[in-house]
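**Student:** This is the structure, below, for whatever I ask next.
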Amino acid sequence: MACYALVPRHSYSVSMAKQTNIRLDEAIKAAAEDRAKRRGLSLQGYVADLIEADVNQSRAAFMAGAAAFLAAYTEKFEAEVGEDRYPGLPDKSTESRGAA
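Positions 3 to 102 (this note's numbering) are the ones given, in order, by the sequence shown.
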C-alpha cells in the first residue's frame, strides 16, 4: 500500500491549498497513475479533479432539488405568508402613505 500527499493543482491558490495523505493499493495507484498520465495530469492533479467533480456534482444535485422544491411550493408559501420580494426593506405602500 502506498501513501501519497495530494495538493490541489488549479482550483486554489497556493496559500489556500491543504495537503492530504491517502493510502492506495498498488493496483489502484497504478491504474490512477495511468489515467492521470493519459489526461496529462500528475496523480495529485487527477485525484484533486476527481474530488472536485464529485463535490460539484453533489452541489448541482442539491441545487436542482432546491429549485424543484421551490417550484412545487412557491404558491403555497405565497398564500401562507405573502410575497416579499425585498425582505428587510420597508414596505413601499407604507412608505408612500407616510410621505403624503
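Even glycine gets a Cβ: it sits at the ideal position worked out from N, Cα and C.
Just so we're clear, the structure is a prediction, and the values are computed from it rather than from any experiment.
Check this for me: beta carbons of residue 54 and residue 45, under 7 Å apart or not?
**Tutor:** It is not a contact, given that the beta carbons lie outside the stated cut-off.
**Student:** Can you have a look at residue 50 and say buried or exposed, based on whether 16 or more other CB atoms are within 10 angstroms of its CB?
**Tutor:** Answer is buried; the Cβ neighbour count reaches 16.
**Student:** Tell me where the beta strand (DSSP E) around residue 25 begins and ends.
**Tutor:** Start and end: 22–26.
**Student:** If you measure between the beta carbons of residue 48 and residue 63, is that distance less than 7 Å?
**Tutor:** Taking 7 Å as the Cβ cut-off, residue 48 and residue 63 do not qualify as a contacting pair.
**Student:** Quick check: what's the CA-CA separation for residue 33 versus residue 57?
**Tutor:** Residue 33 and residue 57: Cα-Cα distance of roughly 22 Å.
**Student:** Quick check on the DSSP output: the alpha helix (DSSP H) that includes residue 61 runs from which residue to which?
**Tutor:** Run containing residue 61: 45–83, per the alpha helix (DSSP H) assignment.
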